[in-house]
Amino acid sequence: MNKVLSTTLKIYIFFLLGKIYAQTPLLPPASMPESVVISTPDVMSFQKYGNTPINLYSGKSDIVIPFYEIQAGKIKVPVTLTYNSGGIKVDEIASSAGLGWNLNATGNILVGVKDLRDGVLKYETYGTPVKIPIDIGYNRRYFLKDPIYNSNAELYANLDSSPDFYYVNAPGLNNVFIIDDSNPNDYQTSHTQRKYVSSFLYPKGYKLAELKQENLGSFQGIGFTGEEDGNPSLNIPTKPADVNVVGFVTFKTFTITNEQGLVYTFSVGNMIETRTLPVLVDPTIARLDPSYSMGINTYNLTSIYDPSTQQKVDFFYEKYQITQPQRIKFLSKKNNIGTSDSCNFGFIPEFEGQPIYSNEQLIKYQAATRLQKIVYNGGEVTFSYLLDREDYNDQSLDLITINDNLGNTIKNYRLRYSYFDSKEGCTEKECKRLRLDQIDEWFPKAKLYYKFEYNYTNKLPKRFSYEQDFLGYYNNNGYQNTAYIGAKESGPQPKLYFYPNKGEFSILPFEKKNDTQGRQITGDYSFVPNDYSLTGLLKKVTYETGGFTELNYENHTFNFDGAEYIAGGARVESQVINDGNGNVRNIKYKYQEIDGKSSGYISGLPIFAYPNSKITNPNSPPGQWTPFSFTTYDFDKSGLELTHDTFVGYSRVEEIETGNGKTETLFYSPKDYPDNKSVKQYRDDCGRYLTENSAFPGKLFEDLKSRRGTLKLKRILDESGNKISESENVYEYKIFSSIDIKNHSPYRISDNKYNPRIRVPNYYVSETSKINRERNLQTKVITTEYFKNNPVLNTSTNYVYDPNLDLLKEMTVVNSDGSEIKTRYRYPLDYDLAPLSLVSSNDKLIDIAALVTNNIVNTPIEINNSIVKGGEEYMTDGQLNYFENLKPEKFFKLESSALINVNDFNFSTVMYPPGFVADSRYKEKTSFTKYDNKGNILEIKPADGIVTSYIWGYNSQYPIAKVVNATYQEITNVLGASTLTRLNDGVKYMPIPPNPQIQKIPLTDAEVRSMLSVLRTNLTNAQITTYTYKPLIGMTSETDINDKTTYYEYSDLNKLKIVKDNEGNILSENEYNYKK
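Quick note: the sequence shown uses the working numbering, first residue 26, plus one each step.
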């Protein structure tokens, strides 16, 4: 049987089986041309703004409110609030810290679904054993290899075009990874037993532990009752069992180790359920809705562990449920002007001859989480959510409390809120937005910490309003009808503009300034941006000292096809910085090329429409084109930054400060590196017309954002315009590997009662692209110093990196006189570690192997400095580091009475036998002979010097004694093990009347000094300095080697107030002028 006949027969059998065995008609699902990233407001805020560089390239201001920084070993966790000055989107829901604000104190992994969820497999049963696949996720591709389902799947299923992106963001961790089935050709191994491989898109040296899918049966969806839309005539309940979701099997945890060896564990965070609401004139025609989706979209950071110090930071979350569905815009509709043509494109699914439009999508969180506390060796930071919000079914973040390890409160910050009300004056939740007004330092007494003021002369409309531009910012277009939400009528359509034969830019959300061969696509509301998008932005920050910063904004501008246009959102136009003591800085910013034109550029535009038909008279005036029909879309745009990067990037910015000259900064932007578009293939003239006159399919592109936003040149000029200095940067872009991705998108969908999702297999456009594992590293900096505009000093610094990781291997500085200074680095991965069985157990290669095993790969083993003179290179300096138990053990310095020619120097390497070898001229300088179980150094011994020992207290957080000329064992002998333990812990155990139970009581400063004074009596040859502390605040006393004590006193707000000498005399006093 020939292939054509075989295919035809299979199609016929498929339809026959459908008519015989299908039990219930299904509604076809709506889809969007853009990927809409969804999560709770806190997660979205953290991923968008916690991960976005704040710099001149994007026109954003760096606004950070610091509260505290946790330190435990190599782990650092800053607790801050940051503000996004890029603009407020109409549909954006405020985080728990207020609109535009983001709490940075933890980390998460956000799952960005590209097309379909990787693990999804939906099917319909048409008799036994035939199962017709509907959706096949990227990691279910093995399903296609099963001979039973192969033909049906390839012809009719929605095949996932790309792996999902896992966006990782945590302190010391920032990357994106993808997951793939290790053997997609194996269709026999069950889904729960399959193995997976992961790839980080930016190879920084991170490692992801072995992945395992688990059945998360406890995370059962709650489904939709069918009444959430508020439309009594449409009641279609939906739950997981209704749509044959094949098991809820997914990844439960992720363990990532960064290049420092820090181990991050992420566990299931938020589970999301979504459903697209169909628009039905007759809701009785169908009962089920396959648009229902359920999955984990966020994984929370639960711990960071430092194996070298055995210290750990734990993150705890409280769970809450948001059963009231969140609504987002999900609008699809088509218009018809003129008759249809032979192409007759179809992007809206139909049911019994009627188009199935959509207005919105519903979202539920059966299990949502928020950060409750962070616990570490020194104490804990807690986050209290107390007040019910008026704008969202959640609570606001009201208190941030910092406690020491004994539970004593050190600081307490209270966040105070009000609300931005909407211009409609309504009172529903979508009519309000949480506004952060003030932060008070609350403990032990109240004091202003920060105060905030906002631009709100023009009030924002309520959420879901159609008064927004093409990026989602407010534009006051006058269209206020939102009755479509939850109704059975199809919604409105945006006004768009059609310019034939412009490819992906044929359909635009704005009218072109320099092209008359275009025509407006009739719509109800305008996408055109304006300065209304600046409303709601932070305009003034007042500090505790009375100083303040004022910000002024303007709209973005960008170049497009030879003309300049406005984009929604904000860039900083100027700022005033006043320190409260009469010192004022005025800074203005200009985003222009040298010729005065805008320096803003874009890489692409959101997709809002496809043509429904081919214009049959393209040579006629635009107003006479016929047929003129389009399918239009509108959607929630609050997450566009995650899929499209910063919309406008500036290639040149001037920063002009009154009285201090100006700085010109040049960046690589979309002008230099726009995203590479997919390669499209069509099968007929209709497919050709579609690709030449729209962005269809538009799902795939090669992302080059890693090459954008990097500094190209920085030039500093004085007030007269004379150059002071200039630095130019050169980068090397490298692709390590690529994953080919493909998509087949049909442009006609059959009208079939029993399975309207069937595609017509001959009418599609295919596109191919790739996902790169890449890096873009700075390889050269050319610095020029000027005097009276003449170059007087030129320096070139060249960087060479590890071929596989972002590790600097060599740095060469070439000066104006031609002399060169080089620095070389060798890391654990630079040494051949196999076979270790050939080396002795105490060889340093064993310790290097331990570093590699724990992924501590960015710590240098050897550092060398050299100079180049007369064409010859000579070693001038060197350091060799030994490790034991993942901690420094010894370091050596290169010593020589004469310069060493590089050809006569032996760089450290591995030989079998004896193992690790290095140049014999390295001489030991210092040994770190003893550590405690938290990685603190207890004993240091210089090779030719006197041993120094340390005692650590307050739960081993702070050094309380430095003892020169005594070993730690001698200290132990004098104090005794029990006393040392009490000093290390910083507590004593005793009952406090009237409670007879033994309680843990902190040692007083006097008790610590008294216990340590024994050392002065018994170690008469030692020089002893002792210290006491107020944990998490600062040092309270220092007793020097002469037994004289200096005292440090703190104010009620825990700031250093008075310093006194041993006799009680005041040595210094600090005054703090706080704003009332």
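Beta carbons: idealized from backbone N, C-alpha and C, even for Gly. Bear in mind the structure is a predicted one, so any value in this text is a computation, not a measurement.
Residue environment, residue i, which counts as buried when at least 16 other CB atoms sit within 10 Å
| i | result |
| --- | --- |
| F372 | buried |
| K139 | buried |
| L563 | buried |
| Y1014 | exposed |
| Q218 | exposed |
| L51 | Because the pLDDT at L51 is just 42, under 50, the model does not fix this residue reliably, and the value given afterwards should be weighed accordingly. The residue is buried, with at least 16 neighbouring Cβ atoms inside 10 Å. |
| S1093 | exposed |
| M936 | exposed |
| T394 | buried |
| V89 | exposed |
| Q285 | buried |
| A790 | Here the sequence assigns Val to residue 790, which means Ala is not the residue at that position. Classification for V790: buried. |
| S70 | Only weak support is given to the placement of S70: the predicted model assigns it a pLDDT of 46, under 50, and the question is left unresolved by the model. |
Per-residue DSSP class, three states only, for residue i
| i | result |
| --- | --- |
| A392 | strand |
| P853 | helix |
| T541 | coil |
| N1043 | helix |
| F168 | helix |
| N928 | helix |
| Q238 | strand |
| G648 | helix |
| I712 | It should be pointed out that residue 712 corresponds to Gly in this sequence rather than to Ile. Looking at G712 - three-state DSSP - the assignment turns out to be helix. |
| F573 | strand |
| E1107 | The first residue shown for the chain is 26 and the last is 1101, placing residue 1107 beyond what the model contains. |
| A195 | strand |
| G548 | coil |
| I632 | coil |
| K869 | helix |
| Q218 | helix |
| R773 | coil |
| M57 | Because the pLDDT at M57 is just 49, under 50, the model does not fix this residue reliably, and the point stays unresolved. |
| G123 | strand |
| H669 | Residue placement at H669 is flagged as unreliable, the pLDDT there being 44, under the threshold of 50; the coordinate-derived value follows with that caveat. Residue state, collapsed to three classes: helix. |
| F202 | strand |
| T884 | coil |
| L830 | coil |
| V877 | helix |
Beta bridge counterpart(s) of residue i as assigned by DSSP
| i | result |
| --- | --- |
| E353 | Per the sequence presented here, residue 353 reads as Ile, with Glu not at that position. Answer by DSSP bridge pairing, in chain order: Q386. |
| G978 | Y983 |
| P103 | E94 |
| K358 | T657 |
| A592 | H581 |
| D160 | K147 and N183 |
| M319 | E298 |
| M836 | Y824 and T848 |
C-beta atoms of residue i and residue j nearer than 9 Å
| i | j | result |
| --- | --- | --- |
| G123 | R460 | yes |
| Y289 | L236 | no |
| I871 | V864 | yes |
| Y590 | N584 | yes |
| L135 | Y191 | yes |
| L81 | V678 | yes |
| K85 | K662 | no |
| G294 | Y324 | yes |
| F941 | K915 | no |
| E757 | I807 | no |
CB contact below 9 Å: residue i versus chain B
| i | result |
| --- | --- |
| I591 | No chain B is present in this structure, which holds just one protein chain. |
Only counting runs of 3 or more residues, tell me where the beta strand (DSSP E) segments fall wholly within the region 890-946, in order along the chain.
Segments of the beta strand (DSSP E) lying fully in the region 890-946: 897-909, 912-919, 934-936 and 940-942.
I'd like the ranges of any alpha helix (DSSP H) spanning at least 4 consecutive residues and lying wholly in the region 602-626.
none
Starting from the N-terminal side, write out each stretch of the alpha helix (DSSP H) that is 4 residues or longer and does not extend beyond the region 716-748.
none
Residue ranges of each beta strand (DSSP E) within the region 1038-1098, 3 or longer
1048-1055, 1059-1064, 1070-1075, 1081-1085 and 1091-1094
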